[in-house]
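Here is the structure we will look at, set down as C-alpha cells.
Here's what the structure looks like:
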C-alpha cells in the first residue's frame, strides 16, 4: 500500500542503518543509505548542490552553457529578478541536468530523468490503451529521404546533423541523424501497407532526436533530446483527423491531470504549422515569466508524406504508401504524427517552481516524499510521530505536527495531502494563466498587452503577411486558435473583417 | 488476475465484435479487433507473413540485407538445412524486424520490440533494486575523448560513425556517434566525484549505440542497436570487482530464469577482454547451430578510464576522476561497466525456435497467448470450453481438450501450463548444451571437437599467441574461463604445463 505511493517504508527511518541496509530500497552501504534518505526526506529545499564546474570541451555559446556560470552553492536567484538565471539555478541545485561536452547538449541526471520516466509511464499506458504499438526505427536516414517532401526539407535542412564518415570511409550518401522520423517511417510504411486491411497502422517510438539548434536552453531546446513520436496511417481523412485530435486530447489531459499545467489546446496558424503537415494541433503552456511554451503537438499530415514518397517512385512495381480501398481503387493513405519531449520537464519547472527552487506535482514526482517533507526529530522518535510539511505552502502554515507513524493513519494522511497539493498547484496555475490573458479587439490593444508581457486573445482572420508583421513588430506569434471559442460575431483585430475564431498571441520559448 | 498473465479477458472472445470493440484491448474498429485476436490466438504458427519486399535504398551487402530475399509466404527453411536462412525466415514470418534503408540497420517491429520491452521491464527493476539510477548522456562525443584511453581507441576507431556537419557547417571537431559511453561518462564523473562521500556512483542508461559493422545480421549485429549500459565508480578495487560480478550474476539469473537460456558465465581471456577493461565477465549462450553467442558482458575497468581522463588534465584546478579518501589522500576511482542489448532477442530466437518458427519462453512472451494457443470452434462456443495447445509440443500430444472457460479454472490451468513450458524449454536447452560440450585434453582433441561443431572445454594456461593460433587454425576462440571449474590438477591442453583453469573454446557469432 505504502509502496503504491512511491514512498519507502517509514519503518526504515526508525530502524538501525544495518537493518535498513538489507531492505529493497537500500544502497550498498549505510553511507549510501543515509545519503539516499537524506535526499528523499530530510534535506532542506532546495536539493543539495554539488554543481559541476565548467567543461573544458564546452564552447561558450547558447543558453545551455550559461549553466556553467551557476555557482556551486544553495543560492537561487529570485525568480522575479532574473527568470532565466532562476531557471538555471533550479536545475543546477536540484541536479536535474548538466551540460554535455558538446555545445547545446545536455546530460539528464537521475532526478531529472526520473521525472521523464514518470511522464513515460503515464503516456505509454495511454498510447497502448488507444491501440498503438511501440517499435523502433533506425536513427540514420539517407539524405535523399529528407528532400522528398518540399516543406519538410525547407523546415529541417538548417538543423541537420550529418554523418559523412562510417567505419573510416567517406560515405557515398550523407546520413541524416533523425530530427524526426516521418520520412523513414513512410519509407517503411510503403512496404507494410498493401491493402485497407493493413489499416489503421498505429505505432509509436521512444527515441532520441537531433536538431542543430543555435540557441539552446536545458530541457527547453537542446541539440539532442528525448521524445516519443507517434506515426499512424489511415484509410480516410476523417480517421486521420480523429486520431490527431484524440492524441492532442491525451496530451491535454496529461498536462492538466498529471502535470497540473493548464495548457490551452488549439490549432496552429498556417505560418506555425509543422513542416510537412496539413494541420498542427498544439498544447500551449504559460510559464512563470508569462512566455508560452509549446508543450506537445499532434499533426494531421494529410497525404503530404504518402504522396511525397509515392510520387518519387520510379519503379515498375510501385511500392509507395498507397493501398487498395474496398472498391479496388488505389489511393494514398492519410497520416498523423504526434510528439511530446523532455522539453515538458522544463515546462514543469517553469510552471510550478518558486524562489525556493523546484516544485513538482505529486503525480509526477519521482518520490512522493518530495512534495511532502517528513521531519523527524529525537522527540518524534520516542513518541512515534512525525512532522509533515507541504512543499507548496511555506512556513508554519504548511506544517502538520504530531502525525502518527501508524501505517494506515500516515498513509491516509499522505494520500489526502498529495491530492490536495496536486489540485492546489493546478488551481494556482489556472489563476495565474487567466490573470495574464487579455482580450483584445485592435492591433493597438494587442501591442499594449504583449508589451506588458501578457497573452493577447482576439479575433483573427488576417493574412499570413499580417501575422508575420505582428511577430516582427511585437515579438509575439499566434500560439493557437483555441478549441474553446467564444460565441457570437467577431471582427478581425487587424483588418476589421469578419473573423470566425479568436487567436492567442504571445511571446514564446 | 487474468490480466497479470498478460492475457486479454477470454470473455471478449465470446462477445460480439461491437461490444468487444469497447474493451480496453480493442483496436479502433471491428476489423482491427478481429485482426488483433487473430494475431494473438487464432492464427496458426508461424505467425502471418506479409514480408517486406526489397528496399530500393538498401545496398546488397551483409547478412542483414539477405532478409530481403525471404519470400512473403509461410515457408520457413528447415533449421537443419540452413540455419542462417531459417533464422531470417523466422524473423520475417513473425514480423519481428525488417531491414532499414541504410545498410546494416534494422527496424524493430512491434512484436520484436515487445520482446525487448519484456527484457527491459525485468532488468530495469533489478538495476534499481541494486541501487542504480537511470540517466541519459548525449550520444555525440568529441573525437578527442575516444583517443584518451589507448586500447579503447584501438578497439573502437575502425567502427565509428562520425558527424562532421552540423547546422549546415563543417564542425571544428568531428563528433563520434557513441559506440559505448565510457569516455563521456568519465568526463561527467570528473565533475560529480569530489570525495569518497560521492561514491559509489551507480548509474545506468537505456540508449541506442552505433558501431559501423561490416557483417551484419538482424538483432545479432547491426549498425545501430539498443542496449542498457551501466557505469559505476567505487572507492576500492574490491567494490568494483564485487559490482562487476554482481551484474554478471544478474544477467545469468535473467538468462536462466526469464529467457530459459542456460548460459555459461565466466571470465574472458586477455585477448577477448573489452577494449579498455581490466577484466571482462561474460555470459555465453549456445545457439541452435552450436555456435556461441556473447549475450551480455560486465567489465571491471580498474582505473584505466579514470587514469586516462586524469592524466590528460592540464588545468590548475584538476577535475579528473579522482576523489579524496578518508585519509585525505587523492586517488583515482575504480570503475565498472556492463551491458545487454537487443542482440539478446536474437539469442532467444536461436535457442528456442524450431522448424515451425518462433518459440518464446512464457516469461518473456509479450502476450502469454503465444506459447499457449487457445482454439475455439463453434461447438466450444456452445459448451463453454476451449482447446489449449502447447507451442512447444507438436500435434495431439500438446493439446488439451474441453478446458472450461470458467475464469478460475482456466487461469489456474494456463498458469500451470506456462510454468511447465518455461521449465521444459530450459531443460531442453540444458540437455542440448551439455550434449554439445566436449572435454578435451589435447590440441588434437580440441580440433576434432571444433570441426564437429562442438564446444571444447579443456585446461588452458598457454600464451596469447597460442590462443590466436587456435583461432586461426580452427576458427574457435576462448569464449570464457567458466566460473564453475572442475577440481583437481590440470595440464594445459596446448603446452602440458600446469593449468589452474579450464577454458571453453567455440566458434561464435
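Protein chains in written order, with the working numbering: chain A, 119 to 627; chain B, 119 to 627. We treat Cβ as the ideally placed atom computed from N, Cα and C, and that holds for glycine.
When rounded, the separation of the alpha-carbon atoms in residue 496 of chain B and residue 551 of chain B is 44 Å.
Beyond the five residues adjoining it in sequence on each side, residue 215 of chain B comes within less than 7 Å, by CB distance, of 209, 224, 225, 226, 227, 230, 336 and 337 in the same chain, given in chain order.
For residue 277 of chain A, the neighbours in chain B by C-beta distance under 8 Å run, in chain order, 285. Residue 401 of chain B and residue 372 of chain B have their C-alpha atoms spaced approximately 11 Å apart. Counting only the Cα atoms, residue 408 of chain B lies some 10 Å from residue 570 of chain B. Per DSSP, residue 555 of chain A is one residue of the beta strand (DSSP E) stretching across 555 to 557. In summary, residue 313 of chain B is exposed, with fewer than 16 beta-carbon neighbours lying within 10 Å of its beta-carbon over all protein chains present.
When DSSP reads this structure, residue 398 of chain B sits in a beta bridge with B:417.
In the displayed model, residue 257 of chain B falls within coil according to three-state DSSP, outside both helix and strand. The C-beta of residue 539 of chain A comes no closer than 8 Å to any C-beta of chain B. Listed in chain order, the non-local C-beta contacts of residue 410 of chain A below 6 Å within the same chain comprise 402, 597, 624 and 626, local neighbours out to five positions each way being set aside. Taken through DSSP and simplified to helix, strand or coil, residue 313 of chain A comes out as strand.
Proximity of residue 418 of chain B to chain A, defined by a Cβ-Cβ separation below 8 Å, is not satisfied. Per DSSP, the beta bridge partners of residue 287 of chain A are A:284. The closest CA to that of residue 481 of chain A, considering only A:344, A:554, A:377 and A:309, is found on A:377.
For residue 551 of chain B, the enclosing alpha helix (DSSP H) starts and ends at 525 to 552.
Here residue 506 of chain A is actually not in contact with residue 379 of chain A; their C-beta atoms are around 25 Å apart, not less than 8 Å.
Neighbours of residue 224 of chain A in chain B, taken as residues whose beta carbon is under 8 Å from its own, are 256 in chain order. For residue 626 of chain A, DSSP records a beta bridge to A:410. Around the Cβ of residue 459 of chain B, a 10 Å sphere holds 16 or more other Cβ atoms; the residue is buried. Taking residue 557 of chain A as reference, the option from A:549, A:514 and A:568 with the minimal CA-CA separation is A:568. Taking every protein chain shown into account, the CB of residue 260 of chain B has 16 or more other CB atoms within 10 angstroms, so this residue is buried.
For residue 388 of chain A, the CB contacts under 7 Å within the same chain, skipping 5 residues up- and downstream, are 582 in chain order. The residue from B:485, B:553 and B:513 with its alpha-carbon nearest to that of residue 532 of chain B is B:485.
Residue 591 of chain B carries a helical assignment under DSSP once its states are collapsed to helix, strand and coil. Residue-level contact by beta carbon holds for residue 330 of chain A and chain B, with a gap shorter than 8 Å. Contact annotation: the stretch 535 to 542 of chain B does not touch the stretch 341 to 349 of chain B, with fewer than three C-beta pairs closer than 8 Å. Below the 8 Å Cβ cutoff, chain A contributes no neighbours of residue 270 of chain B, its closest Cβ being approximately 16 Å away. Measuring C-alpha to C-alpha distances from residue 322 of chain B to each of B:250, B:590, B:523 and B:477 identifies B:250 as the nearest.
Close to residue 321 of chain A, with beta-carbon spacing below 8 Å, are these residues of chain B in chain order: 228.
Chain A places a beta carbon closer than 8 Å to that of residue 306 of chain B, counting this residue as a contact. Beta-bridge pairing by DSSP links residue 576 of chain B to B:621. Taking 8 Å as the threshold, the shortest C-beta distance from residue 231 of chain A to chain B falls below it.
In the displayed model, residue 322 of chain A falls within a strand according to three-state DSSP. At least one beta carbon of chain A lies nearer than 8 Å to the beta carbon of residue 219 of chain B. Assigned with DSSP and collapsed to three states, residue 354 of chain B falls in coil, not helix or strand.
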